[in-house]
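J.: Going by the working numbering, the residue at position 243 of the sequence shown is 460; the numbering climbs one at a time, nothing skipped. For glycine and all other residues, C-beta sits at the position ideal for the given N, C-alpha and C. Note that this is a predicted model, so its numbers are computed, not measured.
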Amino acid sequence: IVSSPSLYGGTYNLFHYTLPKFGIEVTFVDNPDDPESWRKAVKPNTKAFFGETIANPKNDLLDIETIAKIAHENEVPLIVDNTVATPYLIRPIEWGADVVVHSATKFLSGHGNAVVGAIVDSGKFDYAKYPNKFKNFNQPDPSYNGLVYAQALGVGSPFGANLSYIFKIRLTLLRDIGAAVSPFNAWLLAQGLETLSLRIERHVENAKAVAAFLEKHPQVTGVNYASLTSSKWNKLATKYAPKGSGSVLSFEIKGGIEAGKKFIEALNLHSHVANIGDVRSLAIHPASTTHSQLSPAEQLTAGVTPGLVRLSVGIENIADIKADLETAFAAAK
């Protein structure tokens, strides 16, 4: 896998430490904003590109269209994590992504009470074209009477759609490894999806207000929110997420790690939890929590500095959100 290093801490840990134990090598590109970094990272055994459309917690945007073209030049699919954006803000498949994954526990459900993941396959990547690279799709599966997924279910199949990828996930990985959502969690997700558009509109409205508030605050040295015109990713945000770059943002507080901890401890309205995407406002200090398993150098690669505070801006009244932040700033002085 060739991956952006700007990832949620758990994903970085999975890629850097766990997947290699299963024989899966992950190469992190030096600079995810530089197309040449992606090209240089490709190896003969590369099977996929991966990145977050809006990265957590850095709020940098992946140039989906450009990276998809480079992936396809190298005969591999682009897989993106669209958890922070949701389909309401970014529709990655329309920009060339082949597979989209979500932690549906977050914004899709909206309440943080369900443990759900989702995989969305575009059906656009033709695995039959590269039989030597994707052997599991192009060789008979003895557990399904010799079924060859890329041929029987791929482009030009009787089903009228390329279902080879998603069927292989259902018929082998889900069946044998068991990554199946429980009926109750599926029901909880269905309840949240009904209000997705309304919630995201309010999330983004509040996030933009909070980002502007933080940008002017004397105790803040920098704000990571791509919808700000001052952001280096604003151009990409305008292209891919014109409604707004989500509601997960981060900022650097003066005073470093100690100020960051004091800030978090003084919050009342914001919940101190590692989740994102609740209707409630959430806050955390990544260096000592979500990214604590990484070395200082790895934290910096993922965009996590000692004084970084991450906010998942909720849908409460914006005046209440700002008042709570101001109280925490006072305590962090």
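1) Please classify N441: does DSSP put it in a helix, a strand, or coil?
2) Hey, out of V297, P274 and K479, whose CA is closest to L528's CA?
3) What distance in whole Å lies between the Cβ atoms of G327 and V496, which are believed to be in contact at a cut-off of 8 Å?
4) Below 8 Å on the Cβ atoms is my contact criterion, and I expect D280 with L453 to pass it. Report the Cβ-Cβ distance as a whole number of Å.
5) Quick one, which of H508, L542, K539 and G463 has its alpha-carbon nearest D277's?
6) Let me check understanding here. Comparing Cα to Cα, which of L388, E432, G439 and Y457 lies closest to K539?
7) Checking the sheet assignment: what are the DSSP bridge partners for A335?
8) Closest to V297 by CA distance: which of T507, V332 and T228 is it?
9) Take T507 as the anchor and find which of V490, T518, A378 and A514 has the nearest alpha-carbon.
10) Could you tell me if Y442 is buried or exposed, where buried requires 16 or more neighbouring beta carbons within 10 angstroms of its beta carbon?
11) What are the partner residues of V465, as DSSP defines its beta bridges?
12) So the beta strand (DSSP E) A500 belongs to, where does it begin and stop?
13) Taking Cβ to Cβ, would you say I481 is nearer than 8 Å to V437?
14) With DSSP run on the structure shown, which of helix, strand or coil describes V297?
15) What does DSSP give as the partner residues of E282 in its beta bridges?
16) Evaluate L542 with the Cβ neighbour count: other Cβ atoms within 10 Å of its Cβ, from every protein chain shown; 16 or more gives buried, anything less gives exposed.
17) Starting from E269, follow the beta strand (DSSP E) in both directions and report where the run begins and ends.
18) Please name the residue or residues paired with D358 in a DSSP beta bridge.
19) Work out the CA separation of F324 and I417 for me, nearest whole Å.
20) When the distance is taken between beta carbons, is N330 closer than 8 Å to L405?
21) Would you call the segment 396-405 and the segment 357-373 in contact, with 3 or more CB pairs under 8 Å?
22) With DSSP run on the structure shown, which of helix, strand or coil describes S381?
23) Let's test the definition: count the other Cβ atoms within 10 Å of the Cβ of T415 and tell me whether it reaches 16, buried, or not, exposed.
24) In or out: S448 buried (at least 16 other Cβ within 10 Å) or exposed?
25) In whole angstroms, what separates the C-alpha of I474 from that of A545?
26) Taking the beta carbon of T446 as the centre, do at least 16 other beta carbons fall within 10 Å, making it buried, or is it exposed?
27) Going by DSSP in three states, S447 sits in which element: helix, strand or coil?
28) Reducing DSSP to helix, strand and coil, say where T506 ends up.
29) Answer with buried or exposed for D247, where buried requires no fewer than 16 other C-beta atoms within 10 angstroms of its C-beta.
T.: With the given structure in hand:
1) For this step, residue 441 is matched to residue 224 along the sequence shown. Reduced to three states, the DSSP call for N441 is strand.
2) Within the sequence shown, residue 528 is the residue found at index 311, counting from 1. Nearest to L528 by alpha-carbon distance, out of V297, P274 and K479, is P274.
3) For this step, residue 496 is matched to residue 279 along the sequence shown. For this step, residue 327 is matched to residue 110 along the sequence shown. Yes, V496 and G327 are in contact; Cβ-Cβ is about 6 Å, under 8 Å.
4) Here residue 280 refers to the residue found at position 63 when the sequence shown is read from its first residue. Here residue 453 refers to the residue found at position 236 when the sequence shown is read from its first residue. Yes, D280 and L453 are in contact; Cβ-Cβ is about 6 Å, under 8 Å.
5) Here the question's residue 277 lines up with position 60 in the sequence shown. Residue G463 is the option with its Cα nearest to D277.
6) Taking the first residue of the sequence shown as position 1, residue 539 is located at position 322. Answer by Cα proximity: E432.
7) Position 118 of the sequence shown, counting from 1, holds the residue named residue 335. Note: A335 sits in a beta bridge opposite H319.
8) Position 80 of the sequence shown holds residue 297. Of the candidates T507, V332 and T228, the one whose C-alpha sits nearest the C-alpha of V297 is T228.
9) The residue labelled residue 507 in the question sits at position 290 within the sequence shown. Closest in C-alpha terms to T507, from the list V490, T518, A378 and A514, comes V490.
10) In the sequence shown, counting from the first residue as 1, residue 442 sits at position 225. Buried, by the Cβ-count rule.
11) Residue 465 sits at position 248 when you count from the first residue of the sequence shown. Paired residue(s): S529.
12) Taking the sequence shown and counting its residues from 1, one reaches residue 500 at position 283. That run of the beta strand (DSSP E) goes L499 to I501.
13) In the sequence shown, the residue the question calls residue 481 occupies position 264. In the sequence shown, the residue the question calls residue 437 occupies position 220. A distance of 8 Å or more separates the beta carbons of I481 and V437.
14) As a working note, residue 297 is residue 80 in the sequence shown. Here V297 sits in strand by DSSP.
15) Residue mapping note: residue 282 aligns to position 65 of the sequence shown, counting from 1. Answer is none; E282 lacks a bridge partner.
16) Locating residue 542 in the sequence shown gives position 325, where the first residue counts as 1. By the neighbour-count rule (16 or more Cβ atoms within 10 Å), L542 is buried.
17) Within the sequence shown, numbered from 1, the residue matching residue 269 stands at position 52. Counting along the chain, the unbroken beta strand (DSSP E) around E269 starts and ends at F266 to E269.
18) Here the question's residue 358 lines up with position 141 in the sequence shown. According to the DSSP secondary-structure assignment, D358 is paired through a beta bridge with L364.
19) If you number the sequence shown from 1, residue 417 lands on position 200. If you number the sequence shown from 1, residue 324 lands on position 107. Whole-angstrom Cα-Cα distance: 8 Å.
20) Residue 405 sits at position 188 when you count from the first residue of the sequence shown. Residue 330 sits at position 113 when you count from the first residue of the sequence shown. Going by C-beta atoms, L405 is nearer than 8 Å to N330.
21) The way I'd put it, the segment 396-405 doesn't touch the segment 357-373; fewer than three beta-carbon pairs between them come closer than 8 Å.
22) By one-based count along the sequence shown, residue 381 stands at place 164. Helix, per DSSP.
23) Against the sequence shown, residue 415 aligns to sequence position 198. In the sequence as presented, Thr is not what sits at residue 415; that position holds Leu. Per the 10 Å Cβ criterion, exposed.
24) Position 231 of the sequence shown, counting from 1, holds the residue named residue 448. Buried.
25) Counted from its first residue, the sequence shown places residue 474 at position 257. Counted from its first residue, the sequence shown places residue 545 at position 328. If you take the alpha carbons of I474 and A545, they lie about 14 Å apart.
26) Working through the sequence shown from its first residue, we reach residue 446 at position 229. When all chains shown are included, T446 counts as exposed.
27) Here residue 447 refers to the residue found at position 230 when the sequence shown is read from its first residue. If DSSP states are grouped into helix, strand and coil, S447 belongs with coil.
28) Numbered from its first residue, the sequence shown carries residue 506 at position 289. Coil.
29) Your numbering for residue 247 matches position 30 in the sequence shown. So D247 counts as exposed.
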